[in-house]
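Here our numbering is used: position 40 in the sequence shown is 45, and no number is missing along the way. Ideal placement from N, C-alpha and C gives every residue a C-beta, glycine not left out.
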Amino acid sequence: MSKLEDELKAIARKVPGVKAVETKVGEGYYQTDIYRKYDFKMPSKVLLVDDEREFVQTLSERLIMRDMGSAVAYDGESALSLVSEDEPEVMILDLKMPGINGIEVLRRVKQNNPDIEVIILTGHGTDADKELCMKLGAFAYLQKPVDIELLSDTLKKANDKIRIKKSVK
Numbered sequence: 006m007s008k009l010e011d012e013l014k015a016i017a018r019k020v021p022g023v024k025a026v027e028t029k030v031g032e033g034y035y036q037t038d039i040y041r042k043y044d045f046k047m048p049s050k051v052l053l054v055d056d057e058r059e060f061v062q063t064l065s066e067r068l069i070m071r072d073m074g075s076a077v078a079y080d081g082e083s084a085l086s087l088v089s090e091d092e093p094e095v096m097i098l099d100l101k102m103p104g105i106n107g108i109e110v111l112r113r114v115k116q117n118n119p120d121i122e123v124i125i126l127t128g129h130g131t132d133a134d135k136e137l138c139m140k141l142g143a144f145a146y147l148q149k150p151v152d153i154e155l156l157s158d159t160l161k162k163a164n165d166k167i168r169i170k171k172s173v174k
């Protein structure tokens with residue numbers, strides 16, 4: 006998919022007056038629900054929130070390969086907006102971002118949407134940050150660079166928790 010995106014961006018940049026090109030898959034974001042016919046062991050909607058665009062793109066592609074669609078937000082404000090429009094099952098959230106930081110996003114998400122499981126994924130967190138995030142209701146706290154298998158396993162465990170909650174309701 007990234008090769009196609011690169012080719013489309015290259016074409017668009019040649020158009021007079023175009024200053025920037027951004028791609029977005031689907032309306033709002035890629036939604037796997039329309040492709041899902043079975044209840045897989047992974048969440049179908051994951052929101053990635055990180056200001057490092059290349060990291061987010063790479064992670065999004067890896068999740069798609071594992072049958073997990075993902076929305077992308079590059080800052081806290083956009084993340085909160087996406088959550089209010091179409092609630093994801095799981096959010097993978099960086100802490101250090103411009104504007105609304107990850108801790109504040111976590112606080113607001115857990116206050117307004119407590120069923121969303123939030124996995125903190127950061128390269129700049131401290132032990133105090135980890136303690137606060139877990140106290141605020143984070144599902145897990147992982148450090149960058151993260152092994153994709155560890156992240157997949159954490160997503161699977163978050164999905165298990167979601168399924169248990171849904172079966173009790």
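Asked, Found
"Alpha-carbon spacing of Val26 relative to Ile169, whole angstroms", "42 Å"
"Straight-line gap, Lys161 to Arg112 (C-alpha atoms, nearest Å)", "23 Å"
"Residue range of the alpha helix (DSSP H) that includes Glu154", "Ile153 to Val173"
"Delimiting residues of the beta strand (DSSP E) encompassing Glu122", "Glu122 to Thr127"
"Outcome for Ala76 when other beta-carbon atoms lying within 10 angstroms are tallied against a minimum of 16", "buried"
"C-beta contact flag for Val88 and Asn118 at 8 Å", "yes"
"C-beta atoms of Glu122 and Phe144 nearer than 8 Å", "yes"
"Three-state secondary structure assigned by DSSP to Lys24", "coil"
"Buried/exposed call for Ala163, threshold 16 Cβ in 10 Å", "buried"
"Met70 - DSSP class collapsed to helix/strand/coil", "helix"
"Beta carbon of Ala15 nearer than 8 Å to that of Val23", "no"
"Three-state secondary structure (DSSP) of Ala143", "coil"
"Span separating the alpha-carbon of Tyr35 from that of Asp134", "Residue confidence is low: Tyr35 scores 45 on pLDDT, short of 50, so the model does not pin down where it sits. Its coordinate-derived value is still stated next. Approximately 31 Å, taken between the alpha carbons."
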